[in-house]
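Participant: Numbers in my numbering are just positions in the sequence shown, counted from 1, shifted up by 6.
Glycine residues also receive a C-beta, built at the ideal position from the N, C-alpha and C atoms.
This structure is a prediction, so every number in the text was calculated from the model and none was measured.
Have a look at this one.
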Amino acid sequence: TWWLVQNTPRIADPGQAVPARHEPDYTMDGFTMQRFAADGSLRVLVHGAQMRHYPDTDTIEIDGVTIRAWGAGGRLTVATARRAVANADATEVQLQGQARVVHGAEGSTGADAPIEFASEFLHAFLDTERLKSHLPVVLRQAGSELRVAWIEYDHLARTARLGGPLRGRFDVPAKAAR
């Protein structure tokens with residue numbers, strides 16, 4: 007009996023914390039997640055093929071993601087990618103693999119025309135309407151295209167920091183050409 011007592015696994019002390027492992031505590035397939043503002047308006051709609059939640063970092067990983075986020079004044083931003091890593095409330099999202107973000111309403115023209123960002127990696131901050139990437143990015147707006155080595159974009163301030171080398175093609179609107 008002495009040998010049995012010495013070699014029997016002990017029950018974990020209830021006060022002893024078990025270190026968190028980076029393993030999902032739940033997964034969802036074919037899901038839609040919504041986040042609302044304090045006034046009840048829809049702020050973020052996330053749809054994906056599969057989602058995994060990791061409790062140790064309180065992050066979610068999403069495969070086949072589409073995100074629709076409404077900013078101040080109802081401005082719509084649509085983001086898609088093969089994979090995304092987001093914080094728990096989906097206000098900060100890292101888009102990976104064929105990442106694409108389109109900011110602005112369809113049919114708008116001029117300076118208000120939708121602007122599209124495409125890259126293999128885009129880091130989107132949905133609440134503050136900022137976007138950045140350390141990888142090459144293609145920007146498209148109203149027929150013009152700009153290719154940059156990296157970007158930091160702030161839509162609310164209407165500013166962008168662009169890293170070179172840069173290549174661009176700008177279309178002149180028909181009215182300005184006359």
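If you draw a straight line from the alpha carbon of Gly46 to that of Glu29, how long is it in whole angstroms?
Facilitator: Computed Cα separation, rounded: 33 Å.
Participant: Looking at the secondary structure, which residues open and close the beta strand (DSSP E) in which Gly70 lies?
Facilitator: 65–76 is the span of the beta strand (DSSP E), which, as asked, contains Gly70.
Participant: Can you have a look at Thr83 and say buried or exposed, based on whether 16 or more other CB atoms are within 10 angstroms of its CB?
Facilitator: Thr83 should be labelled buried.
Participant: Pull the bridge partners of His53 from the DSSP assignment, please.
Facilitator: In the DSSP output, where bridge partners are listed per residue, His53 has Thr38, Thr72.
Participant: Do the CB positions of Ile68 and Ala94 come within less than 9 Å of each other?
Facilitator: Not a contact, by the Cβ cut-off of 9 Å.
Participant: Verify whether the separation of the beta carbon atoms of His161 and Arg49 is less than 9 Å.
Facilitator: Against a cut-off of 9 Å, the Cβ pair of Arg49 and His161 comes out as no contact.
Participant: Hey, how far is the Cα of Ala148 from the Cα of Asp118?
Facilitator: C-alpha separation (whole angstroms): 9 Å.
Participant: Provide the residue(s) that pair with Phe123 in DSSP beta bridges, ordered along the chain.
Facilitator: Per DSSP, Val107, Leu145.
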